[in-house]
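Visitor: Have a look at this one before I ask anything.
Residue numbers (our numbering): 30 to 396.
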């Protein structure tokens with residue numbers, strides 16, 4: 030969610046009780062911090078990097094509590110701030126649970142709020158919510174079951190019928206990877222209400238069929254490393270780092286490939302700032318890269334006027350309750366849209382603009 034395109038957001042994660050307790054069932058903040066750090070390292074691990082070579086900055090955790098050499102220095106000394114490699118299992122009451130790279134354990138919960146923009150706030154996130162979304166991993170599939178799901182999905186790719194999900198708005202909907210999702214959105218008076226079955230499909234699409242996710246999630250694998258990544262996130266101080274496996278900054282890569290600041294190239298403010306004359310000013314965007322003079326807030330935060338206009342545009346969607354037609358606020362009609370679809374061929378492949386190298390994980394090695 031880029032504030033310049035209409036919304037701010039935040040996310041919270043909670044691990045199951047066993048991951049928050051000592052082996053004798055006593056609640057332990059120290060155990061919880063260690064298990065969160067292990068999970069963070071497991072889901073943020075870049076594809077293609079050997080597990081033994083992983084090196085993640087984490088919040089201060091105590092090796093003596095874990096009774097593990099977590100920083101790989103050959104000894105169990107005390108408080109460390111790096112996790113090198115991955116332990117075979119979690120710690121405390123969850124010591125029997127294996128650590129699986131790129132996968133969450135059963136029982137993990139996420140809470141995600143989508144918010145209006147407040148240009149007076151450091152984070153640009155308003156108190157008022159647009160949506161509140163909840164996800165819980167009910168079943169942890171084994172590797173064979175995951176392969177079967179992907180194989181079935183490949184077969185269904187050419188089926189014109191829409192996917193069917195188990196559940197209901199009241200119970201939430203479950204995808205084939207074991208996650209149950211439920212969402213709330215504003216009613217006409219601005220109070221959060223349960224989404225309809227159709228509105229829930231908006232959530233299920235992104236958390237079931239988008240290949241760039243890590244175990245069907247976006248946020249936690251992209252967490253800022255270390256202790257600072259746990260605070261409510263402001264964009265101040267965060268550089269534009271590359272995606273895992275890339276060498277160029279992520280936002281710069283996005284701008285190059287899209288030719289604008291959003292998928293429809295309708296963000297006039299970003300076009301004016303970074304695409305003068307229709308040509309990307311790469312030098313200006315690179316100023317937000319590691320070692321540059323600015324950070325990503327210089328790109329992703331809108332002007333006060335644009336922020337308030339986006340809030341008002343979304344408020345009209347709320348008044349109409351027309352979420353089924355789209356949730357992105359539009360200040361003016363988008364020009365780069367097909368008025369009619371003549372065929373199912375996008376011609377993107379012929380133009381050489383299909384990219385399969387996208388990754389949710391980020392490369393923080395240059396920071």
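C-beta: ideal position from N, C-alpha, C; glycine also.
Looking at the strands, I want to know which residues DSSP matches up with residue 197.
Guide: As a first step, residue 197 is located in the chain shown; it is residue number 168 there, counting from the start. In DSSP, residue 197 forms a bridge with 201.
Visitor: Report the residue ranges of all alpha helix (DSSP H) runs contained in full by the segment 72 to 109; include only those spanning at least 4 residues, in chain order.
Guide: 92 to 95
Visitor: Let me confirm a value: residue 197 is counted as buried when at least 16 other C-beta atoms fall within 10 Å, else exposed. Which label applies?
Guide: Position 168 of the chain shown, counted from the start, is the residue given in the question as residue 197. Burial call: exposed.
Visitor: If you draw a straight line from the C-alpha of residue 87 to the C-alpha of residue 50, how long is it?
Guide: In the chain shown, counting from the first residue as 1, residue 87 sits at position 58. In the chain shown, counting from the first residue as 1, residue 50 sits at position 21. Whole-angstrom Cα-Cα distance: 20 Å.
Visitor: Could you pull the DSSP bridge partners for residue 272 from this structure?
Guide: In the chain shown, counting from the first residue as 1, residue 272 sits at position 243. Looking at the DSSP assignment, residue 272 forms a beta bridge with 391.
Visitor: In terms of residue numbering, what span does the alpha helix (DSSP H) encompassing residue 326 cover?
Guide: Here residue 326 refers to the residue found at position 297 of the chain shown. Unbroken alpha helix (DSSP H) run through residue 326: 326 to 329.
Visitor: Taking only three categories from DSSP, how would you classify residue 376?
Guide: The residue you call residue 376 lines up with position 347 of the chain shown. Coil.
Visitor: Taking only runs of the beta strand (DSSP E) that begin and end inside the segment 120 to 194, which ones reach a length of at least 3 residues, in chain order?
Guide: 138 to 146, 154 to 166
Visitor: Residue 286 by DSSP, collapsed to three states: which one?
Guide: For the purposes of this step, residue 286 is identified with residue 257 of the chain shown, where counting begins at 1. Of the three classes helix, strand and coil, the one that applies to residue 286 here is helix, per DSSP.
Visitor: Any chance the segment 366 to 381 sits against the segment 169 to 180, with 3 or more Cβ pairs inside 8 Å?
Guide: no
Visitor: State the DSSP-derived secondary structure class of residue 384, mapped to helix, strand or coil.
Guide: The residue labelled residue 384 in the question sits at position 355 within the chain shown. In this structure, residue 384 counts as coil in the three-state DSSP scheme.
Visitor: Residue 261: buried (16+ other C-beta within 10 angstroms of its C-beta) or exposed?
Guide: Against the chain shown, residue 261 aligns to sequence position 232. The residue is exposed, with fewer than 16 neighbouring Cβ atoms inside 10 Å.
Visitor: Output the distance between the C-alpha atoms of residue 220 and residue 235, rounded to the nearest integer angstrom.
Guide: Walking along the chain shown from the start, residue 220 turns up at place 191. Walking along the chain shown from the start, residue 235 turns up at place 206. C-alpha separation (whole angstroms): 24 Å.
Visitor: Helix, strand or coil: which one does DSSP assign to residue 255?
Guide: In the chain shown, the residue the question calls residue 255 occupies position 226. Reduced to three states, the DSSP call for residue 255 is coil.
Visitor: If distances are taken between C-alpha atoms only, which option among 389, 122, 46 comes closest to residue 252?
Guide: Counting from 1 along the chain shown, the entry for residue 252 is found at position 223. With distances taken between Cα atoms, residue 252 lies closest to 389.
Visitor: Just to confirm my understanding: we take residue 269, look at its own chain, exclude 5 residues before and 5 after, and list those with CB closer than 7 Å. What are they?
Guide: As a position in the chain shown, residue 269 is number 240, starting the count at 1. Closer than 7 Å at Cβ, skipping near neighbours: 278, 279, 280, 281, 317, 318, 325.
Visitor: Pull the bridge partners of residue 211 from the DSSP assignment, please.
Guide: Mapped onto the chain shown, residue 211 falls at position 182. Its beta-bridge partners are 163.
Visitor: Kindly list the residues whose CB is nearer than 7 Å to the CB of residue 213, restricted to its own chain and excluding five residues on each side of it in sequence; keep chain order.
Guide: Position 184 of the chain shown holds residue 213. Excluding sequence neighbours, residue 213 sits near 160, 161, 221, 222, 223, 224.
Visitor: Under the rule that 16 or more other beta-carbon atoms within 10 Å means buried, what is residue 383, buried or exposed?
Guide: In the chain shown, residue 383 corresponds to position 354, counting from 1. With fewer than 16 other Cβ atoms within 10 Å, it is exposed.
Visitor: Roughly how many angstroms lie between the CA atoms of residue 194 and residue 354, to the nearest whole one?
Guide: In the chain shown, the residue the question calls residue 194 occupies position 165. In the chain shown, the residue the question calls residue 354 occupies position 325. The alpha-carbon of residue 194 is positioned some 21 Å away from that of residue 354.
Visitor: Out of 84, 57, 330, which has the shortest C-alpha to C-alpha gap to residue 91?
Guide: Within the chain shown, residue 91 is the residue found at index 62, counting from 1. If we check each option's Cα against that of residue 91, 57 comes out closest.
Visitor: Taking 7 Å as the limit between beta carbons, can you name the residues of its chain near residue 340, skipping five residues before and five after?
Guide: Counting from 1 along the chain shown, the entry for residue 340 is found at position 311. 145, 146, listed in sequence order.
Visitor: So, do the segment 108 to 122 and the segment 175 to 186 have three or more beta carbon pairs nearer to each other than 8 Å?
Guide: no
Visitor: Among 248, 250, 267, which residue has its Cα nearest to the Cα of residue 257?
Guide: In the chain shown, the residue the question calls residue 257 occupies position 228. The candidate whose alpha carbon is nearest that of residue 257 is 267.
Visitor: On the three-state DSSP scale, how would you describe residue 40?
Guide: Translated into positions along the chain shown, residue 40 becomes position 11. Three-state result, residue 40: strand.
Visitor: Is residue 44 near the ligand MG, going by C-beta to nearest heavy atom under 7 Å?
Guide: Questions concerning the ligand MG fall outside what the structure shown contains, since it holds no ligand whatsoever.
Visitor: Under 6 Å Cβ to Cβ from residue 108, same chain only, skipping five residues before and after it: list those, please.
Guide: The residue given as residue 108 occupies position 79 in the chain shown. The residues are 89, 91.
Visitor: Tell me residue 246's beta-bridge partners as DSSP assigns them.
Guide: Counting from one through the chain shown, the residue named residue 246 turns up at place 217. According to DSSP, residue 246 bridges with 243.
Visitor: Are three or more beta carbon pairs between the segment 303 to 313 and the segment 281 to 292 nearer than 8 Å?
Guide: yes
Visitor: So, helix, strand or coil for residue 264, using DSSP?
Guide: Here residue 264 refers to the residue found at position 235 of the chain shown. Residue 264: coil per DSSP, three-state reduction.
Visitor: Taking the C-alpha atoms as reference points, what is the distance between residue 227 and residue 131?
Guide: On the chain shown, residue 227 is found 198 positions in, with the first residue counted as 1. On the chain shown, residue 131 is found 102 positions in, with the first residue counted as 1. If you draw a straight line from the Cα of residue 227 to the Cα of residue 131, it comes to about 30 Å.
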